[in-house]
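Numbering (the working numbering), first residue to last: 26 to 274.
Laid out in structure tokens, this is it:
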């Protein structure tokens with residue numbers, strides 16, 4: 026197999042959970058442009074323009090019955106799933122002593138529990154077909170945790186643990202499970218709720234590249250992990266963070 030063939034994704038089928046979001050819409054578009062048949066699952070009522078060329082299914086992935094119904098429909102229509110990208114997200118800046126049980130449940134459901142459900146639903150098909158690539162979203166907050174994101178950080182630590190557990194379990198079936206570990210790729214919401222001027226200076230002071238990431242800068246690592254160029258890569262947590270995790274003093 027030559028180099029072009031190893032990176033070729035033409036004709037593969039990818040499910041992108043959270044594909045209408047800030048980061049995953051860019052990744053969904055990159056898959057489409059690579060010749061992948063993309064199915065976006067999201068709770069947004071309508072498919073945004075960023076995922077033109079993809080099949081859109083409204084799905085509450087925190088609901089196990091709803092997610093499994095969507096997965097069954099996808100398998101019926103597309104026969105297989107080669108790539109699963111888990112990118113659903115939720116966060117909150119609530120001070121620790123003020124965090125409610127509802128907030129805890131919501132963040133854990135979206136960040137971790139829905140990921141378990143999706144790996145059950147689509148991972149079972151991949152194990153059966155003896156091939157697949159699962160890419161989860163970890164975070165710079167996976168560990169050591171960032172301030173102001175208590176439940177989110179705990180959930181993302183769980184994502185790393187689950188990623189490595191499933192990588193070990195499913196390697197004999199040629200199903201690879203890895204995670205992206207983005208640094209700071211702020212949305213408008215996070216700029217309003219998490220990143221004031223003081224926090225921005227601290228983040229950039231701890232990032233050797235001295236800037237935030239752009240969504241398209243996750244594309245290379247994502248396409249690599251999805252492709253046959255990464256057939257011996259599993260259980261890896263791939264940092265795309267401008268050097269954030271390499272920084273000390």
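By construction, the Cβ of each residue, glycine as well, lies at the ideal position given by its N, Cα and C atoms.
query                                                                                                            : result
Residue 67, buried or exposed, once every other Cβ within 10 Å from all chains shown has been counted against 16 : buried
Anticipated Cβ contact below 8 Å, residue 233 with residue 272, distance rounded                                 : 6 Å
Start and end residues, beta strand (DSSP E) containing residue 88                                               : Run containing residue 88: none; DSSP gives neither H nor E here.
Cβ-based burial, residue 98 [other Cβ within 10 Å; buried from 16]                                               : exposed
Residue 214 to residue 104 span [Cα, whole Å]                                                                    : 37 Å
Three-way DSSP call (helix, strand, coil) for residue 207 in this model                                          : strand
Contacting residues, own chain, Cβ-Cβ under 7 Å from residue 199 (five flanking each side not counted)           : 155, 156
Three-state class that DSSP yields for residue 77 in the structure shown                                         : coil
Check whether residue 92 and residue 51 have beta carbons under 8 Å apart                                        : no
Extent of the continuous beta strand (DSSP E) run through residue 265                                            : 262 to 265
Identified DSSP bridge partners for residue 67                                                                   : 83
DSSP state of residue 257 mapped onto helix, strand, coil                                                        : coil
Residue from 217, 162, 193, 253 with nearest C-alpha to residue 262                                              : 162
Every unbroken beta strand (DSSP E) inside the region 124 to 210 [3 residues or more]                            : 157 to 162, 200 to 207
Under the three-state DSSP convention, the category residue 57 falls into                                        : helix
The region 203 to 210 touching the region 252 to 271, judged by at least three CB pairs closer than 8 Å          : yes
Residue 109 in three-state terms, based on DSSP                                                                  : strand
CB-CB length for residue 160 against residue 55, believed under 8 Å                                              : Going by Cβ atoms, the distance from residue 160 to residue 55 rounds to 12 Å, so no, they are not a contact pair.
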